[in-house]
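A short worksheet on the structure shown next.
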Ligand code: TXA
Ligand code: MG
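In the working numbering, the protein residues as written are 13 to 335.
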């Protein structure tokens with residue numbers, strides 16, 4: 013496995029060629045790093061599941077470079093989904109749409125729908141565009157972490173998570189720390205009204221403003237039969253340290269809160285974001301730092317309000333869930 017720290021045009025060409033050959037390329041997106049594979053190559057996708065240790069039924073998101081390619085993967089696209097795509101792509105949003113025959117069961121977990129995203133990170137977009145220029149149709153990319161663990165937001169974090177499982181010809185592209193820091197908003201667009209399956213930086217408020225309707229944040233029972241999402245499990249995104257969302261730290265415990273909160277006596281401060289956006293950006297690195305420091309307990313003061321705080325609180329609740 014090689015780590016490419018200077019993503020020049022030549023490096024992007026090589027990485028795209030590696031994907032075409034069936035090798036894996038971990039790459040930065042604005043949300044988190046993804047472990048990329050040719051979405052039409054069953055063997056490459058099988059390796060992604062194996063390397064992540066991910067159960068086979070959990071579908072992967074297909075990443076494309078432009079709206080022009082959407083029709084290859086998705087059909088019967090509702091008008092509201094087109095509006096969302098125009099408003100928020102490229103960006104931190106995944107749409108679940110009815111699939112075409114191109115989206116095989118090994119991508120969709122056997123479901124009749126497929127998750128599609130156009131990321132905005134320049135390295136991701138350049139890679140996807142080059143992959144398509146070399147004949148590729150889409151890059152499947154789950155977050156580049158082992159199943160149930162914290163998503164990586166730096167190339168170093170990808171290396172720590174996956175290096176031992178990657179092969180000689182696989183690559184990790186280093187595009188710096190991710191700006192958003194939590195995974196994309198997933199919106200179910202298979203029914204007559206959209207609903208949010210996983211909150212992210214494209215917020216409920218932004219979606220409602222764009223569409224002029226109110227939408228659901230919670231997955232309903234009838235929908236949960238249709239769409240399965242690993243991020244919907246109650247326990248996920250968890251470091252080794254135990255996460256507490258209430259109570260106070262004692263000496264030697266970790267502490268994460270907005271900068272305006274004073275560190276309790278004896279606690280080890282591991283993040284002091286100034287805004288909720290920065291909170292999202294640093295959260296997963298703070299979890300990793302807790303593990304590097306060998307902390308057993310981390311006390312977190314969750315952010316309040318709507319917007320991105322909803323996504324942060326969703327991840328915090330899952331990371332704190334008793335396994
Ligand atoms: O920000 C992101 O979305 C990142 C970057 C790399 O793009 N990717 C990511 O992928 O978070 P992953 O696989 O770690 O999480 C995607 C979630 C999973 O919970 C998966 O089950 C769900 O999306 N998902 C994917 N395709 C789906 C589908 N067709 N129906 C329902 N859920 C789907
Ligand atoms: Mg993930």
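Where is the CB? At the ideal position from N, CA and C, for every residue including glycine.
What are the boundary residues of the beta strand (DSSP E) that residue i is part of?
i: residue 316; result: Taken as a continuous stretch (DSSP letters only), residue 316 belongs to no beta strand (DSSP E), as it is neither H nor E.
i: residue 15; result: 14 to 16
i: residue 250; result: First-last for residue 250: undefined, no H or E at that position.
i: residue 110; result: 105 to 111
i: residue 267; result: 266 to 268
Measure the C-alpha to C-alpha separation of residue i and residue j and round it to an integer number of angstroms.
i: residue 226; j: residue 206; result: 9 Å
i: residue 260; j: residue 92; result: 45 Å
i: residue 43; j: residue 278; result: 33 Å
i: residue 232; j: residue 123; result: Below a pLDDT of 50, predicted positions are generally treated as unreliable, and residue 232, at 45, falls in that range; no measurement from the model is reported.
i: residue 20; j: residue 204; result: 43 Å
i: residue 193; j: residue 295; result: 7 Å
i: residue 130; j: residue 41; result: 10 Å
i: residue 34; j: residue 47; result: 13 Å
i: residue 32; j: residue 49; result: 8 Å
i: residue 330; j: residue 178; result: 27 Å
i: residue 74; j: residue 174; result: 20 Å
i: residue 95; j: residue 223; result: 7 Å
i: residue 235; j: residue 210; result: Residue placement at residue 235 is poorly supported in this model, since its pLDDT is 45, which falls under 50; the coordinates still yield a value, given next. Going by the C-alpha atoms only, they are around 13 Å apart.
i: residue 3; j: residue 304; result: Here the chain comprises residues numbered 13 to 335, so residue 3 is not present and cannot be evaluated.
i: residue 2; j: residue 188; result: Residue 2 lies beyond the residue range present for the chain, which begins at 13 and ends at 335; the question has no answer from this structure.
i: residue 126; j: residue 151; result: 13 Å
i: residue 176; j: residue 158; result: 11 Å
i: residue 263; j: residue 110; result: 52 Å
i: residue 208; j: residue 199; result: 5 Å
i: residue 107; j: residue 201; result: 6 Å
i: residue 36; j: residue 254; result: 32 Å
Please report the residue range of the alpha helix (DSSP H) in which residue i lies.
i: residue 83; result: 82 to 85
i: residue 118; result: 117 to 120
i: residue 60; result: 54 to 64
i: residue 299; result: 288 to 304
i: residue 308; result: Here residue 308 belongs to no alpha helix (DSSP H), and DSSP marks it neither H nor E.
i: residue 97; result: 91 to 100
Residue i CB to nearest chain D CB: under 8 Å?
i: residue 89; result: In the structure shown, chain D does not exist; there is a single protein chain.
Go through its chain and collect everything with a Cβ distance to residue i's Cβ below 7 Å, but skip five positions before and after it.
i: residue 257; result: 312, 314, 328 and 332
i: residue 291; result: 270, 285, 315 and 324
i: residue 142; result: 24, 25 and 28
i: residue 104; result: 42, 43, 192, 196, 197, 212, 213 and 214
Skipping 5 residues on each side, what residues in its chain have a beta carbon closer than 6 Å to that of residue i?
i: residue 299; result: 162 and 251
Just to confirm my understanding: we take residue i, look at its own chain, exclude 5 residues before and 5 after, and list those with CB closer than 8 Å. What are they?
i: residue 220; result: 226 and 227
**Prompt:** Per the contact definition of three or more C-beta pairs closer than 8 Å, is the region 106 to 117 in contact with the region 59 to 69?
**Reply:** no
Checklist line | Contact between the region 304 to 312 and the region 270 to 283 (3+ Cβ pairs under 8 Å) | finding: Yes: at least three Cβ pairs fall under 8 Å.
Q: Determine, using beta-carbon pairs with one atom in the region 98 to 105 and one in the region 199 to 217, whether at least three such pairs fall under 8 Å.
A: yes
- Message: For a minimum of 4 consecutive residues, which ranges assigned as the alpha helix (DSSP H) are wholly contained in the region 166 to 237?
- Response: 167 to 174 and 216 to 223
Three or more C-beta pairs under 8 Å: does that hold for the region 156 to 171 against the region 73 to 89?
Result no; under three Cβ-Cβ pairs closer than 8 Å.
task = Mind listing, in chain order, the continuous alpha helix (DSSP H) runs of no fewer than 4 residues lying wholly within the region 123 to 164?
result = 134 to 145
Within the region 18 to 49, note down every full beta strand (DSSP E) run reaching 3 residues or more, in order along the chain. At a cut-off of 3 residues, the continuous stretches assigned as beta strand (DSSP E) that sit fully inside the region 18 to 49 are 37 to 39.
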